[in-house]
Amino acid sequence: MLSHCTTMTDGDYDFLIKLLALGDSGVGKTTFLYRYTDNKFNPKFITTVGIDFREKRVVYTASNGTTTGKTFKVHLQLWDTAGQERFRSLTTAFFRDAMGFLLMFDLTSQQSFLNVRNWMSQLQANAYCENPDIVLVGNKADLADQREVQEKQAKELADKYGIPYFETSAATGVEVDKAVITLLDLVMKRMEQCVDKPPAEPANGNESTKLSDEQPSEKKCAC
Amino acid sequence: MSASDCSLKMDLGLLQSQERERVLEVLRRDKQLRTIEENRIRRMKHELQELRRRGAKSYTRQYGERTCARCQRPLGKFWNSGAVCFGCSHRICSRCRVGVGTEDWRCTVCHACREVKFRSGDWFIEMRANKFPVTADKYETTGEKLLQAYSIHSSHISVIPPTPPPHMDQQFLSRLGDFKDSKPFTKSVEDLMVSFTSQIKKISTSQNDVRGDLLSVNSNRRRSHFQYSTQKSLSDTEINKSGHLYHGPSLPNLFKKDSDQEESSTGAEEETSFGSDYSIGKRGSNSSNSTDCGVFESVSVTGELELSLSYNAKNSCLEVTVGAGRNLSYGDPKKKKCHPYVKLCVLPEKSSKLKTAVKKNTTDPIFNEVLKYRIERHLLLGKRLQASVWHSRTLKRKSFLGEVLIPLDGWRFEDKAFQCSNWYPLSLKVKQRGSFIICDQNNIDMGAKDSKRLRLLKKPSSSYSSVKLLNCYSCFIIKLLIRFPSL
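Those protein sequences? They're chains A and B, same order as listed.
Per my numbering, the very first residue in the first sequence carries number 1; after that it's consecutive.
Per my numbering, the very first residue in the second sequence carries number 1001; after that it's consecutive.
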């Protein structure tokens, strides 16, 4: 899946996909992304100021629909947001520009897990649509002895929202790639749905608790 | 939108200045990425437009049901009768279909449209617009808005021009391979000169294949191991220029100063010595453009130029507003003088040029002039706007202070964001008459030495050369600008 590009400053890619990591302060969003992009781990806690982003080029192999087997160069722009409350209005303003979300919590902090619900409603309010593509990520899976959130609990919540769930560790790198790739896959599929679905009934104020159904609102190519 | 802008601004306002600076730094990085992305999209959409045009039914052909809307091949009544594309409802022959999904298909153009929609992220923008109605003409990211709100305050944020050359030319890259087996650049200047002249002779013998690679003929004669090449991405005018060379009957004539050259056109100060050095009299009053291709009184290029472009559909005019310049370098560094003016050209035609008034004694001139080009909208495709800044001198000489090249195709004149004026950093002339590319880092000194020798050798005949080292994609490019003595 990885591809190493010598320069990241050219336009030689097929897609620019913008993902965004969100969640409570200290759940490990920055280290998670650092692990993903650079495959390194920094155990120090440096609070993110407002926003930041990291980039990575990957080769995506289409697994669905029309273009199965084709490979594309994808430039990932991974937005990292500050979890701290005081940056909240700034960070949520960036939600609307992201195509997919890594909603993260800390497996060793029950509170961060409880806050997932709040983040979810933040997303519904601020993301580009009511039901964006989200992956739920429980981080710090390596700290098994300090674990406060059980897998079953988290899985249930994820199922309720109809989103995938991963237990990752930025320290060991476990499942990190998989979580991001799963999200990328969801976004790529969404893209195809958006363009190919004929204009259905106009998107009205639908009940937004169920996040799994897509919301086709794209017209066909009219040329 | 403006309300949310305000609140965003407040958000940043609440941060400490250090924090704010960090956020802005991130946003600037984002801006760079977005610039690359915008260029990529522009390229993509341009290609789509090309495809569309090729596929369009033209008026010359009769618009019958019985031809394929894409390839114009006739369709039979029963046999190969074509089918209607779901995208555009045109009748399409079986050859012009691209499979979409397992059974579905689209015509080539609809398919390309669809691809562009994916790849440009338009699908996302449209989705987003459903939820956050777009008031401005252009889709703006939060980062963009924030950055704009703040860049007013801090002047050191430079606006990135719309088209930095985003990637190295394929041709160029492939050529790098050639260098692997070439021996070091140790040839003497005599060889250099000989092969250069042989290049020109070669060129003048084969007028027909002007395009493409001819400009980079690899000369193996006399074991000279450099290549005479032009950078293709910038070669429009270069080709024109070389085109002029072909007309030259022989070398001595080529460099002969032509007296016809000194005609009186709008700017007498324009018809400078550079131009007349190689001009060959075939050009009309546009000859001052020839100065574009020569060696300049190369002062260092600094500063920026403020421009805004719009298209007036009513009288089919391209209107270029030349706002101001800032931080220009001194046209006359010794006396610290600068009388700048701006010249506009639409490349590659160069058929007409427009100039602003000369501003005296300033490196931050304010022009505020609207220059109008009469040009049909569709003719803008493939054209580039060249805005060059010159220092006007009393003794007929002018010096080049920098230029901005703006591609006009893909320029969305309706787009508000494209209409507002931008500061473009001035860049060096990119069109040299020849450039020698040396890829081996170790050889640079050699190259430089040789070029020094070139200067020394040729000094009596007032030849001139300069070496520029450009670190470009980790290749070192040495450009030797050679100006031949006027005979």
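Even glycine gets a Cβ: it sits at the ideal position worked out from N, Cα and C.
- Not a single CB atom of chain A sits nearer than 8 Å to the CB of Glu1103(B).
- Tyr1424(B): member of the beta strand (DSSP E) spanning Asn1422 to Pro1425, first to last residue.
- Listed in chain order, the beta strand (DSSP E) elements of length 3 or more contained wholly in the segment 1075-1106 of chain B are 1097-1099.
- Interface flag for Arg96(A) against chain B is set, since a Cβ pair is found closer than 8 Å.
- At a cut-off of 8 Å between beta-carbon atoms, Leu1051(B) makes no contact with chain A.
- Taking 8 Å as the cut-off, the Cβ atoms of Phe53(A) and Asp10(A) do not count as close.
- Counted as a single uninterrupted DSSP element, the alpha helix (DSSP H) harbouring Thr31(A) occupies residues Lys29 to Asp38.
- Sequence-ordered contacts of the segment 148-170 of chain A with chain B are nonexistent [C-beta pairs closer than 8 Å].
- Taken in chain order, the unbroken stretches of alpha helix (DSSP H) that lie wholly in the segment 70-157 of chain A and span 4 residues or more are 88-95, 110-114 and 116-126.
- The Cβ atoms of Phe1413(B) and Ser1310(B) sit closer than 8 Å to each other.
- If you look at Cys1345(B), you'll find it in the beta strand (DSSP E) that goes Pro1340 to Leu1347.
- The contact set of Trp1411(B) on chain A, defined by CB atoms closer than 7 Å, is empty, because the minimum CB distance reaches about 17 Å.
- The Cβ atoms of Leu1426(B) and Gly1331(B) lie no closer than 8 Å to each other.
- Listed along chain B, the residues sitting closer than 9 Å to Met191(A) by beta-carbon distance are Lys1117, Phe1118, Gly1121, Trp1123 and Phe1124.
- Between the segment 1117-1134 of chain B and the segment 23-40 of chain A, the count of Cβ pairs shorter than 8 Å is below three; the stretches do not touch.
- Apart from the 5 residues on each side of it in sequence, Cys1085(B) sits with its Cβ closer than 7 Å to the Cβ of Ile1092, Arg1106, Cys1107 and Cys1110 in its chain, given in chain order.
- Within chain A, the C-beta atoms nearer than 8 Å to that of Val1023(B) come from Val49, Gly50, Ile51 and Leu90, in chain order.
- Residue environment for Val59(A): exposed (fewer than 16 other C-beta atoms within 10 angstroms of its C-beta).
- Under DSSP, the beta-bridge partners assigned to Gly23(A) are Met104(A).
- Taking Gln1419(B) as the centre and dropping the five residues before and after it, the same chain places the C-beta of Ser1308, Leu1309, Ser1310 and Phe1413 closer than 8 Å to its C-beta, in chain order.
- If you draw a straight line from the Cα of Glu175(A) to the Cα of Arg1029(B), it is about 28 Å long.
- Where Cys1317(B) is concerned, the enclosing beta strand (DSSP E) starts and stops at Cys1317 to Arg1326.
- Only those residues of the segment 1357-1384 of chain B whose C-beta falls short of 9 Å from the nearest C-beta of chain A would be listed, and there are none.
- Taking 8 Å as the upper bound for CB-CB distance, Arg1374(B) and Ala1313(B) are not in contact here, some 12 Å apart.
- At a cut-off of 8 Å, the C-beta of Met99(A) has a neighbouring C-beta in chain B.
- In this structure, Leu1328(B) places its C-beta atom within 8 Å of the C-beta atom of Cys1338(B).
- Interface flag for Thr1141(B) against chain A is set, since a Cβ pair is found closer than 8 Å.
- Contact annotation, Gly1325(B) with Val1389(B): C-beta distance approximately 6 Å; criterion of less than 8 Å satisfied.
- When DSSP reads this structure, Asp52(A) sits in a beta bridge with Asp80(A).
- For Glu1140(B), the three-state secondary structure derived from DSSP is coil.
- Look at Glu1376(B) here: in three-state DSSP terms it is coil, with no helix or strand label.
- Relative to the Cα of Leu1381(B), the nearest Cα in the group Ser1089(B), Ser1017(B), Gln1049(B) and Arg1020(B) belongs to Gln1049(B).
- Here the alpha carbon of Lys1336(B) sits roughly 34 Å from the alpha carbon of Gln1148(B).
- Among the bridge pairs identified by DSSP, Gly1121(B) is matched with none.
- Taking 8 Å as the threshold, the shortest C-beta distance from Tyr36(A) to chain B does not fall below it.
- Gly1323(B) sits close to Ser1421(B), with the two beta carbons spaced by under 8 Å.
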